[in-house]
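Protein chains in written order, with the numbering used here: chain V, 1 to 10; chain D, 1 to 212.
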């Protein structure tokens with residue numbers, strides 16, 4: 001799911 | 001934020017500054033692949049669309065703007081200002097072979113089938129192979145200016161630092177992002193040959209030359 005991905009990484 | 005990611009990001013920042021410095025001081029984009037730089041623009045724009053609807057942190061915001069801005073500036077310098085120094089006849093990698101498969105992979109592997117998430121996945125896959133036209137060009141010419149190799153090394157080191165970052169995050173936060181990790185490891189792998197020559201030759205003060 002979208003929650004798995006690391007949204008704070010560049 | 002952790003130590004590895006910070007070092008990775010700083011290395012990424014350094015690579016761009018080295019690249020711009022090379023173009024400015026030599027007043028030339030000789031040895032650089034326009035195609036690779038164009039792919040990076042596509043990578044940053046498709047990945048950082050979330051700038052418009054998600055606030056992460058000031059650090060994140062500033063870095064994203066910098067990466068979009070500097071990659072567009074590089075493209076502008078190569079396309080217009082120092083255009084005559086760019087030789088398209090050696091920058092011949094077919095980027096269709098990269099963009100097409102990445103688009104298909106993004107449609108299959110994503111965390112949500114939405115425009116923004118598919119584009120995010122696409123940017124991750126595309127970034128992992130965006131350096132290929134540049135490495136292909138290096139292979140063709142068999143040598144490179146030292147400053148260009150510093151640029152490539154900084155770019156490769158940036159990716160390499162992201163790997164311990166993910167390991168660290170797994171143990172401290174329980175976070176696992178399989179798309180980013182698989183693509184990131186593949187991307188770092190592409191640099192291994194280059195790293196070998198860089199650390200055994202350029203770091204010893206020799207010119208970057210591939211064996212005939």
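All residues carry an ideal CB built from backbone N, CA and C; glycine is no exception.
All of these numbers come straight from a predicted model, not from anything done at the bench.
Scanning chain V for C-beta atoms nearer than 8 Å to the C-beta of residue 54 of chain D yields 7, reported in chain order. In the displayed model, residue 208 of chain D falls within a strand according to three-state DSSP. By the Cβ criterion, the segment 171-180 of chain D is not in contact with the segment 5-20 of chain D, since fewer than three pairs of Cβ atoms, one from each stretch, lie closer than 8 Å. At least one C-beta of chain V is nearer than 8 Å to the C-beta of residue 177 of chain D.
In the structure shown, the three-state DSSP call for residue 130 of chain D is coil.
Between residue 63 of chain D and chain V, the shortest Cβ-Cβ separation is below 8 Å.
For residue 173 of chain D, DSSP records no beta bridge to any residue.
Pairing residue 197 of chain D with residue 205 of chain D, the inter-Cα distance amounts to about 12 Å. Between residue 102 of chain D and residue 126 of chain D a beta carbon distance of about 5 Å is seen, short of the 8 Å cut, so the two are scored as contacting. Residue 117 of chain D sits in a helix when the DSSP states are folded into three classes.
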